[in-house]
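Undergrad: In the order they appear, the protein sequences are chains A and B. Note that my numbering has the first sequence beginning at 371, numbered continuously upward. Note that my numbering has the second sequence beginning at 553, numbered continuously upward.
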Amino acid sequence: MTSTEVRPTPSTELRTRTTTEVRPTKRTSTAFPPSLSAGPTMAARSGERRLLLQRLPARKDGAAWARAGNPVGKGLPSGAGAGRGVASRVSSGGSGSLSLLRGVKGPRLAMGIFSVFVVNKAGGLVYQLEHYAPRAETEKTFSFPLELVLRPHDERLLVAFGQRDGIRVGHAVLAINGAEVSGRFTADGKDVLEYLANPAHYPVSIRFGRPRLSSNEKLMLASMFHSLFAIGSQLSPEPGSSGIEMLETDTFKLHCFQTLTGIKFVVLADPRQSGIDALLRKIYEIYSDFALKNPFYSLEMPIRCELFDQNLKLALEVAEKAGPFGPGL
Amino acid sequence: MTVHNLYIFDRNGACLHYSEWNRKKQAGISKEEEYKLMYGMLFSIRSFISKMSPVDMKDGFLSFQTSKYKLHYYETPTGLKVVMNTDLGVGNIRDVLHQIYSYIYVEYVVKNPLCSMNETIQSELFRNKLDSFVRGLPFFSARAG
Numbered sequence: 371m372t373s374t375e376v377r378p379t380p381s382t383e384l385r386t387r388t389t390t391e392v393r394p395t396k397r398t399s400t401a402f403p404p405s406l407s408a409g410p411t412m413a414a415r416s417g418e419r420r421l422l423l424q425r426l427p428a429r430k431d432g433a434a435w436a437r438a439g440n441p442v443g444k445g446l447p448s449g450a451g452a453g454r455g456v457a458s459r460v461s462s463g464g465s466g467s468l469s470l471l472r473g474v475k476g477p478r479l480a481m482g483i484f485s486v487f488v489v490n491k492a493g494g495l496v497y498q499l500e501h502y503a504p505r506a507e508t509e510k511t512f513s514f515p516l517e518l519v520l521r522p523h524d525e526r527l528l529v530a531f532g533q534r535d536g537i538r539v540g541h542a543v544l545a546i547n548g549a550e551v552s553g554r555f556t557a558d559g560k561d562v563l564e565y566l567a568n569p570a571h572y573p574v575s576i577r578f579g580r581p582r583l584s585s586n587e588k589l590m591l592a593s594m595f596h597s598l599f600a601i602g603s604q605l606s607p608e609p610g611s612s613g614i615e616m617l618e619t620d621t622f623k624l625h626c627f628q629t630l631t632g633i634k635f636v637v638l639a640d641p642r643q644s645g646i647d648a649l650l651r652k653i654y655e656i657y658s659d660f661a662l663k664n665p666f667y668s669l670e671m672p673i674r675c676e677l678f679d680q681n682l683k684l685a686l687e688v689a690e691k692a693g694p695f696g697p698g699l
Numbered sequence: 553m554t555v556h557n558l559y560i561f562d563r564n565g566a567c568l569h570y571s572e573w574n575r576k577k578q579a580g581i582s583k584e585e586e587y588k589l590m591y592g593m594l595f596s597i598r599s600f601i602s603k604m605s606p607v608d609m610k611d612g613f614l615s616f617q618t619s620k621y622k623l624h625y626y627e628t629p630t631g632l633k634v635v636m637n638t639d640l641g642v643g644n645i646r647d648v649l650h651q652i653y654s655y656i657y658v659e660y661v662v663k664n665p666l667c668s669m670n671e672t673i674q675s676e677l678f679r680n681k682l683d684s685f686v687r688g689l690p691f692f693s694a695r696a697g
């Protein structure tokens, strides 16, 4: 702490924001190659899979899917050999049966922790790590009159009407003919809506999925949580309540730990993942050891410390292994 | 285990009903303000969650907890919201909130010709039924009050 006090700390909020905007994108791109599309083998298998799936119960896709023998696990033979363990894990991958075909990839099956946020005492996002994003993406080939209604929203093209085959209202256009789109424009700078309005470009294959958060949205959500946290404690029917410590939805749980100095560590995890409280304390420890003790780190500013990154990732992996999904799931 | 209080909001954010059992702290603002703050918080949480969720959601927001209480949330497809604050020992009570909706709200408000919709519920019958239902819950205990 003494080292940080010696140096002048330029704590301008504006600067905090602009600098954070650059960093997370870089991180995510190194951690996850952007194109997670299914390989040719999976595409070829998908036909027979779809037939299989029709005979299975509609919901609980993941479990049913795995029981039928999934092609997802480390090159497992597609016989009926995928065990119960796999079944519980795959179910977090996506909601539609079709999306599951493309959804989960490679050996990373048991990923229970989605992302980590560190919010400073003013509500600014100082660190964000996208640990694992379950993919629910659907690719489909369309002929000319596009039956989906697409509408631009927040620099993205979202499906406004015409939910079908795993493509849901609210999903964004992610790629056209295999080429990723950036916002409302294709890779070569053409407006996607104009491109899709031209019959000459059909048949066209479009990939849809949940819109990924931009850096600006992450900043906004972090400060939004900061205020929700405060309101949560204000509306308490009991005296002396803290803010929101755990928030549960059907797809994820958000765990928050606020330190005495007001920094919030937020972890988004699978609802079945256990041991998150210990992980939050561990992240605080890592923050104290590798961010605060770093002489080049200034308080309240975005954390760009290599050791912090490394140790955090390690802690996440340990937590995922040590606190697996509850027994019997 | 105990129940602190219960809010029912309509789809537009008006508070249709409020009752409390073992509430030890008031928010320090008028009741009207408190309803608005509560609805505003839930509204923001819903939008927050729909953006944060890594996959598509079905039911969405279920509950949150702080160090002292747990807030349970249930929303019907028509947008009616039932919010119950309990202590931390209570698990998932989605079905209880659904029962409040289907057995009490629907029976004594929707089917009551004297109750107008989207207005504060004046019906004494509804109030009594709700009170006895909540007092009869396994996790409601007067001991804590």
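Using N, Cα and C, we set each Cβ at its ideal position, and we do this for glycine too. Quick caveat: nothing in here was measured; it's all calculated off a predicted structure.
1. Which residues in chain A have a C-beta closer than 7 Å to the C-beta of R575 (chain B)? List them in chain order.
2. Does chain A have any CB closer than 8 Å to the CB of K633 (chain B)?
3. Which same chain residues, not among the five before or five after A661 (chain A), have their C-beta less than 7 Å away from its C-beta?
4. Flag this pair as yes or no: are the beta carbons of V635 (chain B) and Y653 (chain B) separated by less than 8 Å?
5. Does Y591 (chain B) pass the burial test, meaning 16 or more other C-beta atoms within 10 Å, or should it be called exposed?
6. Could you please give me the residues that DSSP links to K634 (chain A) through a beta bridge?
7. For a contact defined as C-beta to C-beta under 8 Å, what are the partners of L591 (chain A) on chain B?
8. Compare the C-alpha of K327 (chain A) against each of A:M671, A:D659, A:L669 and A:I653 and name the closest.
9. For K622 (chain B), write down the residues that DSSP places opposite it in a beta bridge.
10. On the DSSP letters alone, give me the boundaries of the alpha helix (DSSP H) that H571 (chain A) sits inside.
11. What's the C-alpha gap between L544 (chain A) and E550 (chain A)?
12. Given R554 (chain A), which residues of its chain have a CB within under 8 Å of its CB, disregarding the five upstream and five downstream residues?
13. Along the beta strand (DSSP E) that carries M616 (chain A), what are the first and last residues, could you check?
14. Taking a Cβ distance cut-off of 9 Å, strictly less, list which residues of the stretch 562-595 of chain B are near chain A, in chain order.
15. Can a CB atom of chain B be found closer than 8 Å to the CB of D620 (chain A)?
16. Check S552 (chain A) in the structure and name its three-state DSSP category.
17. Should F484 (chain A) and L638 (chain A) be called a contact, given that it needs their Cβ atoms to be closer than 8 Å?
18. Name, going along the chain, the residues of the stretch 479-510 of chain A whose beta-carbon falls closer than 7 Å to a beta-carbon of chain B.
19. Measure from the C-beta of E587 (chain A) to each C-beta in chain B and report whether the shortest distance is under 8 Å.
20. Check the Cβ-Cβ distances between Q643 (chain A) and every residue of chain B, and say whether any is below 8 Å.
21. Could you work out which residues of chain A lie near Q674 (chain B), taking near to mean beta carbons separated by less than 9 Å?
22. Going by beta-carbon coordinates alone, are I656 (chain B) and F691 (chain B) separated by less than 8 Å?
23. Measuring only between beta-carbons, confirm whether M671 (chain A) sits less than 8 Å from chain B.
24. Does the distance from the C-beta atom of F616 (chain B) to that of I614 (chain A) stay below 8 Å?
25. First and last residue of the alpha helix (DSSP H) that includes K683 (chain A)?
26. Could you work out which residues of chain B lie near S611 (chain A), taking near to mean beta carbons separated by less than 7 Å?
27. Which term fits G409 (chain A), buried or exposed, when burial requires 16 or more other beta carbons within 10 angstroms of its beta carbon?
28. Does DSSP classify S571 (chain B) as helix, strand or coil?
29. Pull the bridge partners of D611 (chain B) from the DSSP assignment, please.
30. With H525 (chain B) as the anchor, note down where its alpha helix (DSSP H) starts and where it stops.
31. Note down the Cα distance separating V539 (chain A) from S584 (chain A), rounded to an integer number of angstroms.
32. Classify E507 (chain A) as helix, strand or coil using the three-state DSSP reduction.
33. Using a cut-off of 8 Å between C-beta atoms, extract the partners of L614 (chain B) located in chain A.
34. Do the stretch 626-643 of chain A and the stretch 485-501 of chain A make contact, defined as three or more Cβ pairs closer than 8 Å?
35. Between which two residues does the beta strand (DSSP E) carrying M500 (chain A) extend?
TA: Looking at the atomic coordinates:
1. Position 23 of the second sequence, counting from 1, holds the residue named residue 575 (chain B). Those within 7 Å of R575 (chain B) in chain A are P607.
2. Against the second sequence, residue 633 (chain B) aligns to sequence position 81. Chain A contact via Cβ: absent.
3. For the purposes of this step, residue 661 (chain A) is taken as the residue at position 291 of the first sequence. Within the same chain, A661 (chain A) has close Cβ partners Y667, I673, C675 and F678.
4. As a working mapping, residue 635 (chain B) is identified with position 83 in the second sequence. As a working mapping, residue 653 (chain B) is identified with position 101 in the second sequence. No, the Cβ-Cβ distance between V635 (chain B) and Y653 (chain B) is not below 8 Å.
5. Within the second sequence, numbered from 1, the residue matching residue 591 (chain B) stands at position 39. With 16 or more other Cβ atoms within 10 Å, it is buried.
6. On the first sequence, residue 634 (chain A) is found 264 positions in, with the first residue counted as 1. Partner(s): A:V489 and A:Q628.
7. What you label residue 591 (chain A) is simply residue 221 of the first sequence in a count that begins at 1. Correct list: F600, K603 and M604.
8. In the structure as shown, chain A begins at 371 and stops at 699. Residue 327 (chain A) is therefore absent and cannot be evaluated.
9. Indexing the second sequence from 1 puts residue 622 (chain B) at position 70. DSSP lists B:Q617 and B:T638 as partners of K622 (chain B).
10. The residue you call residue 571 (chain A) lines up with position 201 of the first sequence. First-last for H571 (chain A): undefined, no H or E at that position.
11. Translated into the one-based positions of the first sequence, residue 544 (chain A) becomes position 174. Translated into the one-based positions of the first sequence, residue 550 (chain A) becomes position 180. Going by the C-alpha atoms only, they are around 6 Å apart.
12. One-based indexing of the first sequence puts residue 554 (chain A) at position 184. So the qualifying residues of the chain are P522, E525, R526, L527, D561, V562 and L563.
13. Counted from its first residue, the first sequence places residue 616 (chain A) at position 246. Segment M616 to T619, the beta strand (DSSP E) holding M616 (chain A).
14. E572, N574, R575, K576, K577, Q578, A579, G580, I581, E586, L589, M590, G592 and M593
15. On the first sequence, position 250 is the one that residue 620 (chain A) refers to. For D620 (chain A), the answer is yes, since a Cβ of chain B falls inside 8 Å of its Cβ.
16. Stepping through the first sequence from its first residue, residue 552 (chain A) is reached at position 182. Strand.
17. The residue labelled residue 484 (chain A) in the question sits at position 114 within the first sequence. The residue labelled residue 638 (chain A) in the question sits at position 268 within the first sequence. Taking 8 Å as the Cβ cut-off, F484 (chain A) and L638 (chain A) qualify as a contacting pair.
18. F484, A503, P504 and A506
19. If you number the first sequence from 1, residue 587 (chain A) lands on position 217. The beta carbon of E587 (chain A) falls within 8 Å of a beta carbon belonging to chain B, placing the residue at that interface.
20. Taking the first sequence and counting its residues from 1, the one referred to as residue 643 (chain A) is at position 273. Cβ-Cβ to chain B under 8 Å: no for Q643 (chain A).
21. Your numbering for residue 674 (chain B) matches position 122 in the second sequence. None at all; the shortest Cβ gap to chain A is about 24 Å.
22. The residue labelled residue 656 (chain B) in the question sits at position 104 within the second sequence. The residue labelled residue 691 (chain B) in the question sits at position 139 within the second sequence. Not in contact: I656 (chain B) and F691 (chain B) (Cβ atoms no closer than 8 Å).
23. Looking up residue 671 (chain A) in the first sequence gives position 301. It does not: the Cβ of M671 (chain A) has no partner Cβ on chain B nearer than 8 Å.
24. As a first step, residue 616 (chain B) is located in the second sequence; it is residue number 64 there, counting from the start. As a first step, residue 614 (chain A) is located in the first sequence; it is residue number 244 there, counting from the start. Cβ distance < 8 Å, so F616 (chain B) and I614 (chain A) count as in contact.
25. Position 313 of the first sequence, counted from the start, is the residue given in the question as residue 683 (chain A). Here the alpha helix (DSSP H) through K683 (chain A) covers E676 to A692.
26. The residue you call residue 611 (chain A) lines up with position 241 of the first sequence. Here the neighbours are T618, S619, K620 and Y621.
27. As a position in the first sequence, residue 409 (chain A) is number 39, starting the count at 1. Residue confidence is low: G409 (chain A) scores 38 on pLDDT, short of 50, so the model does not pin down where it sits. No coordinate-derived value is stated.
28. Taking the second sequence and counting its residues from 1, the one referred to as residue 571 (chain B) is at position 19. Strand, per DSSP.
29. Taking the first residue of the second sequence as 1, we reach residue 611 (chain B) at position 59. None, per the DSSP bridge assignment.
30. The structure shown does not extend to residue 525 (chain B), since chain B is modelled only from 553 through 697, so no value can be given for it.
31. Here residue 539 (chain A) refers to the residue found at position 169 of the first sequence. Here residue 584 (chain A) refers to the residue found at position 214 of the first sequence. Each residue's Cα considered, the two are about 19 Å apart.
32. Taking the first sequence and counting its residues from 1, the one referred to as residue 507 (chain A) is at position 137. E507 (chain A): strand per DSSP, three-state reduction.
33. Translated into positions along the second sequence, residue 614 (chain B) becomes position 62. Correct list: E618, T619 and D620.
34. yes
35. Translated into positions along the first sequence, residue 500 (chain A) becomes position 130. Correcting the residue identity first, residue 500 (chain A) is Glu in this sequence and not Met. Where E500 (chain A) is concerned, the enclosing beta strand (DSSP E) stretches over L495 to E500.
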